[in-house]
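Visitor:
There are 2 protein chains.
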Amino acid sequence: MKPRREEVELAFRGLRDRIVASLAALDGGEFVRKTWERPGGGGGEMSEIRGGLFEKGGCNFSAVHGERYPTVPEGQANAADEALGIRAPTPAEVGGKPFFATGVSLVMHPRNPFVPVVHMNVRYIEAGDAAWFGGGTDLTPFAPFDEDTAHFHETLRKTCGQARYERLSRWARDYFFIAHRHSERGVGGVFFDYLRASEESFAFTKAVGDAFLPAYVPIVEKRRETPYGEAEREKQLRWRGRYVEFNLIYDRGTLFGLKSGGNVEAIFMSLPPLVAW
Amino acid sequence: MKPRREEVELAFRGLRDRIVASLAALDGGEFVRKTWERPGGGGGEMSEIRGGLFEKGGCNFSAVHGERYPTVPEGQANAADEALGIRAPTPAEVGGKPFFATGVSLVMHPRNPFVPVVHMNVRYIEAGDAAWFGGGTDLTPFAPFDEDTAHFHETLRKTCGQARYERLSRWARDYFFIAHRHSERGVGGVFFDYLRASEESFAFTKAVGDAFLPAYVPIVEKRRETPYGEAEREKQLRWRGRYVEFNLIYDRGTLFGLKSGGNVEAIFMSLPPLVAW
């Protein structure tokens, strides 16, 4: 059974508020909020920080609707798993149908190279008669520490349960992959899509969103005072290029947003503040 | 009639040598040359400068061959013009056929925001029984000056002749377009592809390559001493993001290279040295 749209929006706004408050406190700086309207229907609220700890970061909420859902992108063969309630709708089921989409999307780019970049997203989509949740979170450290990776994954494993964690962390390894560099974007996390809408999947998606702060904040606290020099800073700027490459070449959400006339400023909140090639 | 491959390679290497020598003299710095081999056959020579005038720039030569030409990308409806000898081959004619490709590709990113970014490419491709030339050059100023734009286009108009210039400059406006920003990448130039191989089209392609220095160098000389401050530098770094967006999201050559296992370092020579979002 589909949840009520208003309920999902309320939950997502609440998640956004809790995350923004926690990360602002962690940084000591402030998120600036900007709203935008989508000509076709709906809009969003961007919250951006340019802080000391977080050189750039954004946490965006959006809720949009329209008359025609774009055809489902290719490469979804992966996305069927009846036991977990996952099935990608066919283009015939959803393509060109009225749709509604709401979500929270976050990327944080810390200044200190030893504090990992992080991404989190939860989303709910209705198209035609189909309705599903998607989301995930992944950690991208410049210099990975095994204990940080273990903490991040362990938090997600507890949230997801063993079976779901195994499936969704494998999905993250496949998804957050920079093919032309033959390497993962970072140390992974979880990723899911097309999780059939129900009370249970709504609760699960909220749980993934709520797992973000306990998965990430302890790592930030542990690494934020790590000293670094010019050499590491330069390497960090070059390494950030990989993040741009992933988002602009492979990320479905980014490309979907850009090609469907989404808000460019909100979409590019995910890009690092300063990058070298 | 197809030209001999060796003749084209020789002409392209000569062009690369002349350009590299002129731009190095202009900068006062040096290009560093690196060679790479393509596992599937052939390879290339990158020439990269990290100089004073040119914060980063590259001029790459490559000549590769393989057993299977990838299917022609979509969106070529535009590419038929019998009067000019332009016709995109069909996938059936070239897809999966043995191929040979050689070219010179250049992008220069000046440090001074008032010196425009420039791109130039010439290429020759054989696939199955088809053989064609392609190429072009376009100017991307941070702060456009009408007289510079006029000089650049006038040099190309003289090289191409009026009819060809009109067609190829229109093609450049269509091609170097950043759809999600609803704007051209810069002030245009010329772009062409699928120009049937012949003595004449070989000569034309060489002429476009040779037009690059007289089209660009006078603009560099005029603008290189223009004073600028921190504010302009910051704006320049953000503006460079558009170049990255174009190359990673839309540019056929970049995407073809990345997705077909090309040399990542050579491909990303086109990306700016430092970029802000």
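Which chain is which? The protein sequence lines are Y and D, in order.
Positions 250 to 526 (the numbering used here) are the ones given, in order, by the first sequence.
Positions 250 to 526 (the numbering used here) are the ones given, in order, by the second sequence.
Heads up, the beta-carbon is just placed ideally off N, CA and C, and yes, glycines get one too.
The model shown is predicted, which means the values in this text are computed figures rather than measured ones.
Between residue 434 (chain D) and the rest of its own chain, which residues show a CB-CB distance below 8 Å, the 5 nearest in sequence each way excluded?
Guide: 387, 389, 425, 426, 427, 491, 492, 495
Visitor: Counting only beta-carbon atoms, is residue 366 (chain Y) nearer than 7 Å to chain D?
Guide: no
Visitor: Looking only at C-alpha atoms, which of D:347, D:374, D:296 sits nearest to residue 255 (chain D)?
Guide: D:374
Visitor: Can at least three beta-carbon pairs, one atom from the stretch 326-343 of chain D and one from the stretch 306-316 of chain D, be found at a separation below 8 Å?
Guide: no
Visitor: Do residue 437 (chain Y) and residue 421 (chain Y) have their C-beta atoms within less than 7 Å of each other?
Guide: Closer than 7 Å, so yes.
Visitor: Check this for me: beta carbons of residue 368 (chain D) and residue 356 (chain D), under 7 Å apart or not?
Guide: yes
Visitor: Which residues in the same chain have their Cβ closer than 6 Å to the Cβ of residue 393 (chain Y), if we skip the five residues on either side of it in sequence?
Guide: 436
Visitor: Thinking C-alpha only, which one of Y:376, Y:418, Y:501 is nearest residue 317 (chain Y)?
Guide: Y:376
Visitor: Please compile the residues from chain Y whose C-beta is within a distance smaller than 8 Å of the C-beta of residue 525 (chain D).
Guide: 522, 523, 524
Visitor: Quick check: is the beta carbon of residue 431 (chain D) nearer than 7 Å to any beta carbon in chain Y?
Guide: no
Visitor: In the stretch 293-343 of chain Y, which residue ranges form an unbroken alpha helix (DSSP H) of at least 4 residues, counting only runs that do not cross its ends?
Guide: 340-343
Visitor: Does DSSP classify residue 520 (chain Y) as helix, strand or coil?
Guide: The answer is coil: DSSP assigns residue 520 (chain Y) none of H, G, I, E or B.
Visitor: Give a yes or no on whether the C-beta atoms belonging to residue 513 (chain Y) and residue 489 (chain Y) are separated by under 7 Å.
Guide: no
Visitor: Cβ closer than 9 Å: which chain D residues qualify as neighbours of residue 355 (chain Y)?
Guide: The contacting residues do not exist; residue 355 (chain Y) stays about 16 Å from chain D at best.
Visitor: Tell me, please, whether the CB atom of residue 405 (chain D) is closer than 7 Å to any CB atom in chain Y?
Guide: no
Visitor: When you compare the CB of residue 298 (chain D) with every CB in chain Y, is at least one pair closer than 7 Å?
Guide: no
Visitor: Just tell me which of Y:282, Y:299, Y:382 has its CA closest to the CA of residue 521 (chain Y).
Guide: Y:299
Visitor: Is it buried or exposed, residue 408 (chain Y), if we count other Cβ atoms within 10 angstroms and call 16 or more buried?
Guide: buried
Visitor: Give me the residue from Y:442, Y:473, Y:468 with the minimum Cα distance to residue 423 (chain Y).
Guide: Y:442
Visitor: Kindly identify the DSSP beta-bridge partner or partners of residue 525 (chain Y).
Guide: D:523
Visitor: Taking all protein chains shown into account, decide if residue 250 (chain D) is buried (16 or more other Cβ within 10 angstroms of its Cβ) or exposed.
Guide: Exposed.
Visitor: Between the alpha carbons of residue 506 (chain D) and residue 259 (chain Y), how many angstroms are there, rounded?
Guide: 44 Å
Visitor: For residue 370 (chain D), which residues does DSSP report across the bridge?
Guide: Answer is D:354, D:385, bridged to residue 370 (chain D).
Visitor: For residue 261 (chain D), which residues in the same chain have their Cβ closer than 7 Å to its Cβ, ignoring the five residues on either side in sequence?
Guide: 310, 351, 352, 353, 371
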